[in-house]
Each structure stands twice: as structure tokens, then as C-alpha cells.
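In the UniProt record's numbering, the protein residues as written are 1 to 288. Working notes, structure below.
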């Protein structure tokens, strides 16, 4: 746990330094307010956005008035984390799930400082861990410890149910950060609903073996989610091509879906240095 926290702090420092030097901002560019609330009215001034004019008040003949809004400060950052067996793919020292925990952990450290409420939902095909959003520092570190210690009870995945749970438990607009390898089907409808209702960030984890399978000849491959073992000819050019094409099609479909509903999308190789890509994500969200 101490080593895990030390790595998170190191990543956190790297990102904050880059954010502050490159953008002269802070993590609030990612964990921005959950929306705008009406604050006051004032007389229209040259250059004001005409869409902000309150026509009902202006029609009374006392002048042209515009609405003044302010950012809501009471916001929630909610992490939805896939801990199913497909996330165990990768080298023994660093599977996709290890990378997922690190990225979620470093974002959680930031959220603890910047957000009013932080919560967590870990899922397989069932609820593995749920921490109700709270605004205490204790809850934030409980979230990080739960991530580190979690041992999933089920190997399977049900992404659609996880998204539905999130929709039902969050009553007001929140920043939702979804971390998964998206090896599942039938979740698209709920993903659309989540993106419409909340400020959604999708982080898609993958391993190179899912894209470029090594040439190992005919080998047994065990599917940890279904429990089945099949024999595959990894030296077959056509099989390797189909595997790569299937991954690229699924990734493109997910990215298009996110773009269509104004959700941020980020693909991460579980073996790469994720810090530069997170900084790029922060830059994009700052100017949205």
C-alpha cells in the first residue's frame, strides 16, 4: 500500500507541474463545476452574448437585461471501475487492472482536493465495491485503499448493469469517470444515457496482446470470464489480422459514440506512461 501511494503521489506531482506550467491552471480543468446556476440580472452591455438576454424581464420596458450565471461549486466526481477478469490481461508485473488502479488512484487524489464529493463503484457482473459520494478527506483515502486491496468475487463483466447502477445512484449532474477495457456487448444504450445526463470521461484500457498477438504457434488460451480453453494458431496471418481488425472496429465505435454525445474519450495502453495522455486530456477539458 505504501508503494502504491508513493507511485500515485509521484504521478500526481508530475501532472500538477505540467498542468501549472503549460496551462497556468489546475486540476479544476478536469473536475470543473457540474453546471451553471442563475445568479443575478444586469443591464445589457455591448459585447454581451444575446443568448443571455432575459426577454421576459426586458419586455417590461425598463431596459435590456442579461442573465448572470455562476459555476456550481457543489459537485460530485464518481469513478466507475471495471475489475472483471478480462482486466487481468497483461504481464505479471502490470496487467490492465494495475494500470486502471493507478490512473483511477491519481485522478482520485486530485478529486479529493478539487471536488465537493467523491465516490466509487467497482463492478464485474455484480457490485464489487461501492463508496457513496462524500466530501470528507477520509472517504477519498478510503476510496484509494479500497482500489488497492480489492479482490473481485466474480470474473465476468456486465457493463450495461454498471452504467444503469450509476444512472440510478447519481441524482444530479456529476463528473463520471468510466475506466474499463470495454470487452462486453449491449452497453451502448446505457452509455448514451449516462453521457446525456452527466459529464462523462471514458478511459479505455487495452494490452498490446489484444492488438498485436505474438507469434507463438498453436497454443491453448484460457478465457478467464467464461472458463473455457481454446486452441489458437497465433502464427496464422489471417487470424492475427482479424484480431487486430476487431479491436480497431470496437475502439472506433466507442470513440464515435463518445464524440456523438460530447463525452471525453482516452485510449491507454496498459504498459505506456499515462501521464502525458492525462495532461492532454486535461488540456482538452479546460477549453470545452
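Using N, Cα and C, we set each Cβ at its ideal position, and we do this for glycine too. In this text, all values refer to a predicted model and were calculated from it rather than measured experimentally.
For the set 82, 191, 144, the Cα lying nearest the Cα of residue 108 is the one of 144. Every beta strand (DSSP E) of 3 residues or more that sits fully in the segment 247–272 is shown, in chain order, as 264–269.
Here residue 67 has 38, 41, 52, 54 as same chain residues with Cβ atoms under 7 angstroms from its own Cβ, once five neighbours each way along the sequence are excluded. Shown here, residue 240 sits in a helix according to DSSP, grouped into three states. Going by DSSP, residue 77 is part of no alpha helix (DSSP H) but of the beta strand (DSSP E) stretching over 76–82.
When DSSP states are grouped into helix, strand and coil, residue 15 belongs to the helix group.
Scanning 12, 250, 47, 62 for the CA closest to the CA of residue 185 turns up 250. Here DSSP, grouped into helix, strand and coil, assigns residue 86 to helix. Judged by DSSP in its simplified three-state form, residue 279 adopts helix.
Checking the DSSP bridge columns, you'll see residue 175 partnered with 77, 199.
A distance below 8 angstroms separates the beta carbons of residue 263 and residue 195.
Residue state for residue 192 is assigned as helix, using DSSP reduced to three classes. With fewer than 16 other beta carbons inside 10 angstroms of its own, residue 6 counts as exposed. Secondary structure note for residue 121: its beta strand (DSSP E) is the uninterrupted segment 117–123.
Between residue 260 and residue 175, the alpha-carbon positions lie close to 18 angstroms from each other. The C-beta of residue 87 has 16 or more other C-beta atoms within 10 Å across all chains shown, which makes the residue buried. If the five residues before and after residue 164 are omitted, its C-beta is found closer than 6 angstroms to the C-beta atoms of 190, all from its own chain and listed in chain order. Residue pairing by DSSP places residue 232 opposite 219 in a beta bridge. In the DSSP assignment, residue 183 falls outside any beta strand (DSSP E), carrying neither H nor E. For the set 269, 104, 94, 166, the Cα lying nearest the Cα of residue 208 is the one of 269. Under the DSSP definition of a beta bridge, residue 206 partners with 269.
Boundaries of the beta strand (DSSP E) around residue 129: 127–134.
The alpha-carbon of residue 123 is positioned some 14 angstroms away from that of residue 104. For residue 68, the secondary structure class from DSSP, reduced to helix, strand or coil, is strand. By the neighbour-count definition (other C-beta atoms within 10 Å, threshold 16), residue 181 is a buried residue. Ranked by Cα distance from residue 215, the first of 83, 241, 206, 96 is 241. DSSP places residue 48 in no alpha helix (DSSP H); its state is neither H nor E. Classified as buried, residue 125 has 16 or more neighbouring CB atoms from the shown chains inside 10 Å of its CB.
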